[in-house]
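Asker:
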Amino acid sequence: MKMLSLRNLGKTYFDPYAGAHVTAVHDVSLDVEPGEFISVVGPSGCGKTTILNMIAGFIPYSKGDILLDGKPVHGPGPERGVVFQSFALFPWKTVLDNVGFGPKMRGVPKAERDRIAREYLALAGLSHAAHRYPNELSGGMQQRVGVVRALANNPDVLLMDEPFASVDAQTRMTLQEELTRIWQERKPTVIFITHDVAEAVFLANRVVVLSKGRVLDQIAVDLPRPRVWDDLVKDDRFKQLSARVLQMVRAA
Amino acid sequence: MQVTGSLKGRSSRLIRSVNSLLGAAMFVAPLLALVAIWAVVVPLFNVNPRVFPSVGAVGAAALDSIRDGTLFAHVGASLLRVGLGTLIGIATAVPLGIAMGVSPTVAAFLTPLFRFFSVLAGIAWIPIATLWFGYGFGAIVFVIFNAVFFVVAYNTLLGVRTIPHTLRNAAASLGAGRWALLTEVLLPGALPNIVTGIRTGLGFAWRGLIAAEMIATNVGLGYMLFVARDFYRTEVIVFGMIVIGVLWLLIDRLLLVPLERATIERWGMVRRA
Ligand SMILES: Nc1ncnc2c1ncn2[C@@H]1O[C@H](COP(=O)(O)OP(=O)(O)OP(=O)(O)O)[C@@H](O)[C@H]1O
Ligand SMILES: [Mg+2]
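Protein sequence lines, in the order shown, are assigned to chains A and B.
Heads up: the first sequence at position 90 corresponds to 90 in the numbering used here, and the numbers run straight through without jumps.
Heads up: the second sequence at position 129 corresponds to 129 in the numbering used here, and the numbers run straight through without jumps.
Below, the structure is given as structure tokens:
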């Protein structure tokens, strides 16, 4: 597991229609410890997606550095797994082959990558769906596949951009509980982007609040684990923390 | 649970096979109706057989050509030409279309050219094909290749360009290199458009084949129609036309439709017809 550091990271887009430069990220520095779960919140347009896409290597950055164990990263790579809001499953592959895709790219033989994929599907309670195609699954199931597909590749960092935004409220709570359980079992480093304050606090060890392309503040979340919604909705500490984060986001 | 599951599976399979029988009946019914009208109209108005044959005469012509083997010679020759031209067309067009789709600049530059040649594909190339290849096999295969090539290449290009960018990003962040991106994402992602291209291209090719065979050869379905005309054998002409239509339907039903069922329909990339 490796340490991820953002050093004075900045991104300026050129908008060809307006003919103007837009600075989406001004100056962001952040150190993420191995095995840490970080939530990033902030008002719409504050640069959350831009930061995640730079870490994932989907877009180049304009200034600063992104370091993984001290080495700069450029372009996408399997050591940084991504879970997409739109799921981005391959429609032409079965669930099993979607989850086995990362191992396949590493050259893992078929039998072994099927074994890995089945292990991760079991982790998400999806063993029965192994041979179905993504279009035959509900949104919640598709995103479970999206999460374990990224995990099955054993990334150093797992990047998630509002992954549960497009599923219904009940399913979302279940997915959040599953994610905390899986995280506790595997301890991947996670950067989780959301604009749902309760979600951010529920999942994370640390919540980073962004404002206009800068880090406004960071709040440690020392709630005990395992976390389940039935307990936390009644928990005073959870309510206090959520209220504090919410205040910051609204002031941001 | 297990029992009801399998019962449900069995009854839905039964429903599906009844449905497909019904579908076949619905498909054949209008064709049978047409034959029935034909069987009534020709004797009723006492149509001159040099203008249009009776059902019986066409049936007799069919039996003759089956008995003396000429039908199989013509069908075999035509199918071989179509098969070969189509295979060469697909095998060259798909890689080219993908290569074009990968680079936006190349795609933008070549798109007008491919639109232009897609319209010209097939028949319009017969004269120059006979100059290049002489009268015979080469010219006909070239016309078919040409009909398939431009349409399939253009559709493949479109297909690659419509693949959502997040899928490429997903593959790259799972460790896919350039080659894996091509084979695992771009090719299957473009398949709905490729199949559309093959369907359209085969339609052009089939028409091009008949036209080319009328001019450039001495065997094949087009040749069969053309020679029969010289002897006022309308029953042979009509039989040949029926064979051409039926062969096309068979190619569609036995080759293209099952291919679509097993791939793009299964994957939910197009609506079930
Ligand atoms: N490709 C682009 N070209 C020009 N400007 C862009 C581009 N992508 C994003 N921006 C701008 O950069 C800023 C930050 O966008 P970003 O998508 O990172 O915000 P976000 O925090 O993810 O917002 P949301 O919560 O709505 O998803 C916005 O002002 C946006 O308009
Ligand atoms: Mg965003």
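Every residue gets a Cβ at the ideal spot worked out from N, C-alpha and C, and that includes glycine.
Indicate, with yes or no, if ligand 2 has a heavy atom lying under 7 Å from the CB of ASP196(A).
Answerer: One-based indexing of the first sequence puts residue 196(A) at position 196. No, the beta carbon of ASP196(A) sits no closer than 7 Å to any heavy atom of ligand 2.
Asker: Report all residues from its chain with a CB closer than 8 Å to the CB of VAL152(B); omit the five preceding and five following residues, and keep chain order.
Answerer: Within the second sequence, numbered from 1, the residue matching residue 152(B) stands at position 152. Closer than 8 Å at the Cβ level, and outside the excluded window around VAL152(B), lie GLY89, ILE90, ALA93, VAL94, GLY97, ILE194, GLY197, ILE198, GLY201.
Asker: For VAL25(A), which of GLY213(A), LEU232(A), LEU223(A) has the nearest alpha-carbon?
Answerer: Position 25 of the first sequence, counting from 1, holds the residue named residue 25(A). Closest option to VAL25(A), Cα to Cα, is GLY213(A).
Asker: Please report the straight-line C-alpha distance between ILE123(B) and GLY83(B), rounded to a whole angstrom.
Answerer: The count along the second sequence starts at 1 and reaches residue 123(B) at position 123. The count along the second sequence starts at 1 and reaches residue 83(B) at position 83. The straight-line gap from Cα to Cα measures roughly 17 Å.
Asker: Is ASP15(A) close to ligand 1? I mean its beta-carbon at under 7 Å from any heavy atom of the ligand.
Answerer: By 1-based counting over the first sequence, the position of residue 15(A) is 15. For ligand 1, at least one heavy atom lies less than 7 Å from the Cβ of ASP15(A).
Asker: Using only the alpha-carbon positions, how far apart do GLN2(B) and ASP97(A) sit?
Answerer: Along the second sequence, read from residue 1 onward, the residue named residue 2(B) stands at position 2. Along the first sequence, read from residue 1 onward, the residue named residue 97(A) stands at position 97. In this prediction, GLN2(B) scores a pLDDT of 41, lower than 50, which makes its location untrustworthy; the coordinate-derived value is nonetheless stated afterwards. If you take the alpha carbons of GLN2(B) and ASP97(A), they lie about 26 Å apart.
Asker: Suppose the cutoff is 8 Å on Cβ atoms and the five residues either side in sequence are ignored; what does the same chain contact list for MET241(B) look like?
Answerer: Start at 1 with the first residue of the second sequence, and residue 241(B) comes out as number 241. Closer than 8 Å at Cβ, skipping near neighbours: LEU225.
Asker: Give the straight-line distance between the Cα atoms of SER333(B) and PHE150(B), rounded to the nearest whole angstrom.
Answerer: For chain B, the structure presents residues 1 to 273; residue 333(B) sits outside this window and is missing.
Asker: Thinking just about the alpha-carbon of each residue, which of LEU254(B), LEU221(B), TRP248(B), LEU250(B) is nearest to the one in PHE239(B)?
Answerer: On the second sequence, position 239 is the one that residue 239(B) refers to. Nearest of LEU254(B), LEU221(B), TRP248(B), LEU250(B) to PHE239(B), Cα basis: LEU221(B).
Asker: For ARG144(A), collect the residues of the same chain with a Cβ closer than 8 Å to its Cβ; drop the 5 residues on either side in sequence, then sort them by chain order.
Answerer: Walking along the first sequence from the start, residue 144(A) turns up at place 144. Once the five neighbours on either side are set aside, the close Cβ partners of ARG144(A) are ALA124, GLY125, LEU126, LEU175, GLU178.
Asker: Would the stretch 69-84 of chain A and the stretch 167-182 of chain B be scored as touching if the rule is three or more Cβ pairs under 8 Å?
Answerer: Yes, the stretch 69-84 of chain A is in contact with the stretch 167-182 of chain B.
Asker: Are there 16 or more other CB atoms within 10 angstroms of the CB of HIS274(B), so buried, or fewer, so exposed?
Answerer: Since the displayed chain B opens at 1 and closes at 273, residue 274(B) lies outside it and no answer follows.
Asker: May I have a chain-ordered list of the alpha helix (DSSP H) segments no shorter than 4 residues that lie completely inside the stretch 127-167 of chain A?
Answerer: Runs found: 139-151.
Asker: Is LYS63(A) near ligand 1, going by C-beta to nearest heavy atom under 7 Å?
Answerer: Working through the first sequence from its first residue, we reach residue 63(A) at position 63. Not under cutoff, so the answer is no.
Asker: Exposed or buried, which one is THR50(A) when buried takes at least 16 other CB atoms within 10 Å?
Answerer: Counting from one through the first sequence, the residue named residue 50(A) turns up at place 50. So THR50(A) ends up on the buried side.
Asker: Using a threshold of 8 Å, state whether the C-beta atoms of PHE297(A) and ILE38(A) are closer than that.
Answerer: Residue 297(A) falls outside the range modelled here, since chain A spans only 1 to 252, and no answer is possible.
Asker: Based on DSSP bridge pairs, tell me the residues matched to ASP65(A).
Answerer: Start at 1 with the first residue of the first sequence, and residue 65(A) comes out as number 65. According to DSSP, ASP65(A) bridges with ARG7(A).
Asker: What are the residues in the stretch 157-176 of chain B lying within 8 Å of chain A by C-beta distance?
Answerer: Per Cβ criterion, the list reads PRO164, THR166, LEU167, ASN169, ALA170, ALA171, ALA172, SER173, LEU174, GLY175, ALA176.
Asker: Please classify SER103(B) as buried or exposed, where buried requires at least 16 other C-beta atoms within 10 Å of its C-beta.
Answerer: Within the second sequence, numbered from 1, the residue matching residue 103(B) stands at position 103. Exposed, since its Cβ has fewer than 16 Cβ neighbours within 10 Å.
Asker: In three-state DSSP terms, what is TYR13(A)?
Answerer: To locate residue 13(A), count along the first sequence from 1; it is residue 13. Looking at TYR13(A) - three-state DSSP - the assignment turns out to be strand.
Asker: Within this structure, are the beta carbons of ARG244(A) and LEU223(A) separated by less than 8 Å?
Answerer: Within the first sequence, residue 244(A) is the residue found at index 244, counting from 1. Within the first sequence, residue 223(A) is the residue found at index 223, counting from 1. In this structure, LEU223(A) does not lie closer than 8 Å to ARG244(A) by Cβ.
Asker: In its own chain, which residues sit with a C-beta less than 6 Å from the C-beta of GLY5(B), not counting the 5 before and 5 after it?
Answerer: Translated into the one-based positions of the second sequence, residue 5(B) becomes position 5. Its pLDDT being 45, under 50, GLY5(B) is placed unreliably in this model, and the coordinates cannot settle the point.
Asker: Taking 7 Å as the cut-off, does the CB of ASP217(A) come closer than this to any heavy atom belonging to ligand 2?
Answerer: To locate residue 217(A), count along the first sequence from 1; it is residue 217. Result no, Cβ not under 7 Å from ligand 2.
Asker: Can you confirm whether the stretch 207-217 of chain B touches the stretch 178-195 of chain B when touching is taken to mean that 3 or more C-beta pairs between the two stretches lie within less than 8 Å?
Answerer: In short, these stretches do not touch, since the Cβ pair count stays below three.
Asker: I want to check one thing, is the minimum distance from the CB of LYS93(A) to the heavy atoms of ligand 1 below 7 Å?
Answerer: Along the first sequence, read from residue 1 onward, the residue named residue 93(A) stands at position 93. Every heavy atom of ligand 1 is 7 Å or more from the Cβ of LYS93(A), so no.
Asker: So, for VAL197(A): in the same chain, excluding its five sequence neighbours on each side, which residues have a beta-carbon less than 7 Å away from its beta-carbon?
Answerer: Position 197 of the first sequence, counted from the start, is the residue given in the question as residue 197(A). Same-chain partners within the cutoff: VAL41, SER242, VAL245, LEU246, VAL249.
Asker: Which residue marks the beginning of the beta strand (DSSP E) containing ARG80(A), and which one marks its end?
Answerer: Position 80 of the first sequence, counting from 1, holds the residue named residue 80(A). That run of the beta strand (DSSP E) goes 80-83.
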